[in-house]
Amino acid sequence: MKEAQSKRAFSEALERLMEQKPIAKIRVTDLVEESGLSRQTFYRHFRDIYDLIDWTHQEKTRLAFELIDVDADITHVWVVCLRLMARSKTFYQQVITTSGCNSFYNGYYLRCQNNLLRMAGGRERCDDAMLFTIRFTAAGITQMITEWITDGMAQPPEEMAKLLVESMPAKYLQAHKSQKSRG
1 MKEAQSKRAF SEALERLMEQ KPIAKIRVTD LVEESGLSRQ TFYRHFRDIY
51 DLIDWTHQEK TRLAFELIDV DADITHVWVV CLRLMARSKT FYQQVITTSG
101 CNSFYNGYYL RCQNNLLRMA GGRERCDDAM LFTIRFTAAG ITQMITEWIT
151 DGMAQPPEEM AKLLVESMPA KYLQAHKSQK SRG
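One point on numbering: in this note's numbering, the residue at position 155 of the sequence shown is 155, and numbering is uninterrupted.
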């Protein structure tokens, strides 16, 4: 079985299991049994369940991440990301409950920070003040996305995206706009 197929099989097994029990009760043994693949195959592709969660999130939101490089409209990127997340409501409501250094929250914060940095033109284009602004913005976005998920994603993705972008510091939005005009 190809690598992507194996990863997808474990991801699908995770989601099926999440329909039956809380994420905290799902073990690698359950994933192996549900997917029909071996434990060795799981560990060939993932360090642990948190790594599988992160990979699954990346797969679910891949289109939005690809738009970062081609779409100058940051609001549109967020709308696409939030719509994709809303399609997998159960998944996100379960993974948001994970805790510890490998939690979904921590991983989302780091991914958000990296994407904001990329949209601002990369580390080499950012001074210390901009790096602080990016970390600050990533922390706020992560917290608000967490609350959105916890509240059942009741707010439409379009409205949530608009609020996220309107709340971003002007300094960051200007850096993003400047980066996009450079092409």
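Ideal Cβ placement from N, Cα and C applies to all residues, glycine included.
For clarity, every value in this text was computed on a predicted model and none was experimentally measured.
Taking 8 Å as the threshold, find out whether the segment 169-177 comes into contact with the segment 117-126 through three or more Cβ pairs.
With the cut-off at 8 Å, the segment 169-177 and the segment 117-126 touch.
What separation, rounded to the nearest whole angstrom, lies between the Cα atoms of residue 136 and residue 63?
In the sequence shown, the residue the question calls residue 136 occupies position 136. In the sequence shown, the residue the question calls residue 63 occupies position 63. Answer to the nearest angstrom: the Cα atoms are 25 Å apart.
Helix, strand or coil: how does DSSP classify residue 22 here?
Here residue 22 refers to the residue found at position 22 of the sequence shown. In the structure shown, residue 22 sits in coil (DSSP, three-state: anything other than H, G, I, E or B).
Quick check: the Cα distance between residue 81 and residue 105, rounded to an integer number of angstroms?
Within the sequence shown, residue 81 is the residue found at index 81, counting from 1. Within the sequence shown, residue 105 is the residue found at index 105, counting from 1. Straight-line Cα distance between these residues: approximately 16 Å.
Going by DSSP, what residue range makes up the alpha helix (DSSP H) through residue 53?
If you number the sequence shown from 1, residue 53 lands on position 53. 49-60 is the extent of the alpha helix (DSSP H) around residue 53.
Could you check what DSSP says for residue 46 in three-state terms: helix, strand or coil?
As a position in the sequence shown, residue 46 is number 46, starting the count at 1. Three-state result, residue 46: coil.
For residue 50, collect the residues of the same chain with a Cβ closer than 6 Å to its Cβ; drop the 5 residues on either side in sequence, then sort them by chain order.
By one-based count along the sequence shown, residue 50 stands at place 50. Cβ within range, chain order: 102.
So, is residue 107 buried or exposed, given that buried needs 16 or more other C-beta atoms within 10 angstroms?
Counting from 1 along the sequence shown, the entry for residue 107 is found at position 107. Buried, because 16 or more other Cβ atoms sit within 10 Å of the Cβ of residue 107.
Using a Cβ-based criterion (distance less than 7 Å to any ligand heavy atom), does residue 154 qualify as near the ligand SAH?
Within the structure as shown, the ligand SAH is missing, as the structure has no ligands at all.
DSSP state of residue 144, grouped into three classes?
The residue you call residue 144 lines up with position 144 of the sequence shown. If DSSP states are grouped into helix, strand and coil, residue 144 belongs with the helices.
Please state whether DSSP places residue 155 in a helix, a strand or coil.
By one-based count along the sequence shown, residue 155 stands at place 155. Reduced to three states, the DSSP call for residue 155 is coil.
Along the chain, where does the alpha helix (DSSP H) containing residue 30 start, and where does it finish?
For this step, residue 30 is matched to residue 30 along the sequence shown. Looking at the DSSP string, the run of the alpha helix (DSSP H) that includes residue 30 is 28-35.
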